[in-house]
Amino acid sequence: MEDVCLSLHRNSIIVDAHCDVLTAVEKENRRLKEHSLSGHVDLPRLRQGGVKVQFFAAFISPQYRGRALVRAMELVDRFYTELEECAGEIMLVRDFSDLQQALGGGKIAALLSIEGGEALEGQLGVLRMLHRLGVRCLTLTWNGRNELGDGVAEERTGGRLTRFGMEVVREM
Numbered sequence: 004m005e006d007v008c009l010s011l012h013r014n015s016i017i018v019d020a021h022c023d024v025l026t027a028v029e030k031e032n033r034r035l036k037e038h039s040l041s042g043h044v045d046l047p048r049l050r051q052g053g054v055k056v057q058f059f060a061a062f063i064s065p066q067y068r069g070r071a072l073v074r075a076m077e078l079v080d081r082f083y084t085e086l087e088e089c090a091g092e093i094m095l096v097r098d099f100s101d102l103q104q105a106l107g108g109g110k111i112a113a114l115l116s117i118e119g120g121e122a123l124e125g126q127l128g129v130l131r132m133l134h135r136l137g138v139r140c141l142t143l144t145w146n147g148r149n150e151l152g153d154g155v156a157e158e159r160t161g162g163r164l165t166r167f168g169m170e171v172v173r174e175m
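Going by the working numbering, the sequence shown opens with residue 4, and the numbers climb by one from there.
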């Protein structure tokens, strides 16, 4: 039975839809390509775990309020630096054909996400620019309220999107 389970796992497309490794590699001054005992993932552990598709989150911590877009750009830059160092093993996915190419070539498919709509700083144009930079996922909020809507920790307004939040959803 163990062999059957292992075979099923190895022959499946395993998708990890969230990791905060961009923040970890920056804080710890380490590289994605190097094995580490800290942080959510690294390339050797992704390979060992059979992960074929990985979403890399650029987490905008509340401490960056007021400069969330700059912080997002720092993490996007770090993402591209890590991709370049791992070019033979990991590939940025912008569309379905990229996904097919990555999986067909035995590479880990990398999707870039922004964790928290604060990075938009109230501008739909920023959303479009982030898309041009390769961002394919945006969480509207994190724990607290922002310009897009209420986070999970917000109770006073009933968990709604703002008008801008609705515009963002329509645009996406």
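Positions of the beta carbon are idealized from the N, C-alpha and C atoms, including for glycine.
Within a Cβ cutoff of 8 Å, which residues of the same chain sit near residue i, ignoring the five residues on either side of it in sequence?
i: residue 116; result: 21, 58, 59, 60, 61, 138, 139, 140, 141 and 142
i: residue 156; result: 146 and 147
i: residue 129; result: 72, 122 and 123
Between residue i and residue j, which are expected to be in contact by the criterion C-beta below 8 Å, what is the C-beta distance as a whole number of angstroms?
i: residue 35; j: residue 24; result: 6 Å
Work out the CA separation of residue j and residue i for me, nearest whole Å.
i: residue 149; j: residue 38; result: 36 Å
i: residue 7; j: residue 106; result: 22 Å
i: residue 14; j: residue 40; result: 26 Å
i: residue 175; j: residue 102; result: 19 Å
i: residue 12; j: residue 53; result: 7 Å
i: residue 135; j: residue 126; result: 15 Å
i: residue 88; j: residue 51; result: 19 Å
i: residue 192; j: residue 26; result: This structure cannot speak to residue 192, because the chain is shown only from 4 to 175.
Residues in the same chain with beta-carbon distance under 7 Å from residue i, minus the five sequence neighbours each way, listed in chain order, please.
i: residue 1; result: Outside the shown range of the chain (4 to 175) lies residue 1, about which nothing can therefore be said.
Residues in the same chain with beta-carbon distance under 6 Å from residue i, minus the five sequence neighbours each way, listed in chain order, please.
i: residue 29; result: 81
Decide if residue i is buried, meaning its Cβ has at least 16 other Cβ atoms within 10 Å, or exposed.
i: residue 75; result: buried
i: residue 5; result: exposed
i: residue 158; result: exposed
i: residue 111; result: buried
- Task: Entirely within the stretch 123–158 and at least 3 residues each: give me those beta strand (DSSP E) ranges in chain order.
- Result: 138–142
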